[in-house]
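A short worksheet on the structure shown next.
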Amino acid sequence: MKNQHINPVEPYLRMDRMPHIWCPGCGIGIVVNCFVRALNQSGIDPDLVSIISGIGCTGRIAGYLKLDSFHTTHGRPIPFATGLKVARPELKVLVFSGEGDLVSIGGNHLIHAARRNSDIKVFCVNNFTYAMTGGQVGPTAPIHSIATTTPYGSYDRPFNLPFLADSTGAVYVARWTTYHVRQLTRSMVEAINKPGFCFVEIIAPCPTIYQRRNRLGDGLEAMRYYKRYSRVINGANTRMVGLELKGPIIVGKFIDRDRSTLLEAMNEEFSSKLGARYQPYPTGVVR
Amino acid sequence: MAVERRTSRRKSRGELFIDCERCKGCGFCVEFCPTQVLAMGEKLNRKGYHTPVIVDLEVCTGCDLCGLYCPDFAIHAVRVKIEAGEAKECDNGG
């Protein structure tokens, strides 16, 4: 059929940079699809949205989306995002990055942004490995999984990302796989509209590196696995949602609570101490 | 005949748009289409990937799940209303 109808994602992409570098069967393109639909559904002016990414396969999202975007240094998208939000509180600041970038090298930034409830939304694409640099073991790689730096199997306990975000104080925590596209889109809309630090983990297949080294098949095989072995438990105890190699995947919206954001807490504290002498800083939050 | 029964009283139908040159042949759209509209084709595109072909457009509902699953932005569907023989595009939820 002739392509006389334009793909709904296309107006949000820098088409001069297409085709993208993601491998056949990679899940990051699905995350872009879901995000564009979520942006449409949330009804936010795209001019007031800013995308921040770090380094890695997922970090390319900032380069491909035709929105205001930062492609920052390795592990530092959250400090950039916090700074941008403080300087321009009217913007919606969204961080897209991989787990190696956000949790390993940028792990300290992640936990402190969650602790301070900085008003940024973090979408962490978890593919269990450092895919762009050739497959070194990542901070979420399950025990016994093979990577170039663990040829006999990983023996380190992996991070349970929803538990990490929950225990450090994120106000919204969800996990979906790239198979759960409608649920992921809905979660993205909720996260975009919620004030505070929101964390959405997206489990994505990496057919070239992770799946191949662990003999888990191609991208399609991974999607079939997500369909078969994932269980939706909304409000599950995040302590119980850790992942194992070839084990079940518990997905859902785990945490949704309210807490004052970084700028709100600052305003409250200074107003209570200084009274009328303090002029509140604009927070950009409509409650 | 089965197709007639499935499509006789429908108020809307789907339209599919595939850009074969963008496709990398991952097969997500073929696997997860709820009504099995697509199948993997024999033909190769310019980069050497097998691309999906439409088997049965009549059963397409235009749910756009293929568009959501396509990592290469190569396929999407729209839902069109059937109004007294006249097809009119309608919103399928963004």
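First to last, the protein sequences are chains A and B.
According to my numbering, the first sequence is numbered sequentially starting from 18.
According to my numbering, the second sequence is numbered sequentially starting from 286.
Where a beta carbon is used, it is the ideal one built from N, C-alpha and C, also for glycine.
Note that the coordinates shown come from a computational prediction; the quantities given were computed from them, not determined experimentally.
Is DSSP giving residue i helix, strand or coil here?
i: residue 125 of chain A; result: helix
i: residue 286 of chain A; result: helix
i: residue 322 of chain B; result: coil
i: residue 157 of chain A; result: coil
i: residue 362 of chain B; result: strand
i: residue 202 of chain A; result: helix
i: residue 28 of chain A; result: helix
i: residue 112 of chain A; result: strand
i: residue 150 of chain A; result: coil
i: residue 221 of chain A; result: coil
i: residue 328 of chain B; result: strand
i: residue 383 of chain B; result: Lying before the first or after the last residue shown, residue 383 of chain B is absent from chain B, which here runs from 286 to 379.
i: residue 278 of chain A; result: coil
i: residue 99 of chain A; result: helix
i: residue 38 of chain A; result: coil
i: residue 210 of chain A; result: helix
i: residue 50 of chain A; result: helix
i: residue 293 of chain A; result: helix
i: residue 307 of chain B; result: coil
i: residue 241 of chain A; result: helix
i: residue 314 of chain B; result: helix
i: residue 258 of chain A; result: coil
i: residue 94 of chain A; result: helix
Based on Cα-Cα distance, which residue from the options lies nearest to residue i?
i: residue 231 of chain A; options: A/297, A/132 and A/153; result: A/153
i: residue 151 of chain A; options: A/73, A/157, A/273 and A/241; result: A/73
i: residue 65 of chain A; options: A/78, A/133, A/170 and A/210; result: A/210
i: residue 137 of chain A; options: A/50, A/224, A/25 and A/70; result: A/70
i: residue 48 of chain A; options: A/215, A/141, A/60 and A/80; result: A/141
i: residue 263 of chain A; options: A/272, A/287 and A/227; result: A/227
i: residue 160 of chain A; options: A/253, A/172, A/134 and A/149; result: A/172
i: residue 62 of chain A; options: A/51, A/81, A/80 and A/85; result: A/85
i: residue 257 of chain A; options: A/81, A/215, A/192 and A/37; result: A/192
i: residue 109 of chain A; options: A/54, A/147, A/59 and A/133; result: A/59
i: residue 204 of chain A; options: A/182, A/299, A/55 and A/222; result: A/55
i: residue 91 of chain A; options: A/179, A/273, A/51 and A/119; result: A/119
i: residue 246 of chain A; options: A/254, A/229, A/220 and A/252; result: A/220
Quick one: what's residue i bridged to in DSSP?
i: residue 349 of chain B; result: Note: residue 349 of chain B sits in no beta bridge, so no partner.
i: residue 307 of chain A; result: No statement about residue 307 of chain A is possible, as the shown extent of chain A runs from 18 to 304 and does not include it.
i: residue 253 of chain A; result: According to DSSP, which records beta bridges pairwise, residue 253 of chain A is partnered with nothing at all.
i: residue 302 of chain B; result: B/361
i: residue 273 of chain A; result: A/189
i: residue 266 of chain A; result: A/247
i: residue 338 of chain B; result: B/324
i: residue 167 of chain A; result: A/164
i: residue 194 of chain A; result: A/220
i: residue 144 of chain A; result: Beta-bridge pairing links residue 144 of chain A to no other residue.
Taking Cβ positions only, does residue i come closer than 8 Å to chain E?
i: residue 310 of chain B; result: Among the chains of the structure shown, chain E does not appear; the protein chains present are A and B.
inquiry  = If we require 3 or more residues per run, which beta strand (DSSP E) segments fall completely within the segment 56-91 of chain A?
reply    = 66-70 and 85-88, all fully within the segment 56-91 of chain A.
ask   = Do the segment 297-311 of chain B and the segment 335-347 of chain B meet, that is, are 3 or more Cβ pairs less than 8 Å apart?
value = Yes: at least three Cβ pairs fall under 8 Å.
key: Touch test, the segment 26-33 of chain A against the segment 103-114 of chain A, Cβ-Cβ under 8 Å, three pairs minimum   = In the pairwise beta carbon analysis, the segment 26-33 of chain A is classified as not touching the segment 103-114 of chain A: fewer than three pairs are separated by under 8 Å.
ask   = Any chance the segment 188-201 of chain A sits against the segment 267-277 of chain A, with 3 or more Cβ pairs inside 8 Å?
value = The segment 188-201 of chain A vs the segment 267-277 of chain A: in contact.
key: Validate contact between the segment 91-101 of chain A and the segment 114-133 of chain A using beta carbons, cut 8 Å, 3 pairs   = Using a Cβ-Cβ distance cut-off of 8 Å, the segment 91-101 of chain A and the segment 114-133 of chain A are in contact, since at least three pairs of beta carbons, one from each stretch, lie closer than that value.
task = Mind the definition here: the segment 73-84 of chain A touches the segment 111-125 of chain A only if three or more C-beta pairs lie below 8 Å; say whether that holds.
result = Touching, yes.
Stretch-stretch touch, CB-based, cutoff 8 Å, three pairs: the segment 233-242 of chain A with the segment 38-45 of chain A = With contact defined as three or more Cβ pairs closer than 8 Å, the segment 233-242 of chain A and the segment 38-45 of chain A are in contact.
query = Any chance the segment 21-28 of chain A sits against the segment 165-182 of chain A, with 3 or more Cβ pairs inside 8 Å?
reply = Touching, no, given that fewer than three Cβ pairs across the two stretches are closer than 8 Å.
key: Three CB pairs or more closer than 8 Å across the segment 312-325 of chain B and the segment 285-302 of chain A   = By the C-beta criterion, the segment 312-325 of chain B is judged not to be in contact with the segment 285-302 of chain A, since fewer than 3 inter-stretch pairs fall below 8 Å.
message = Taking 8 Å as the cut-off, does the segment 328-340 of chain B touch the segment 273-286 of chain A (at least 3 CB pairs, one atom from each stretch)?
response = With a cut-off of 8 Å, the segment 328-340 of chain B and the segment 273-286 of chain A do not count as touching, because too few Cβ pairs lie within range.
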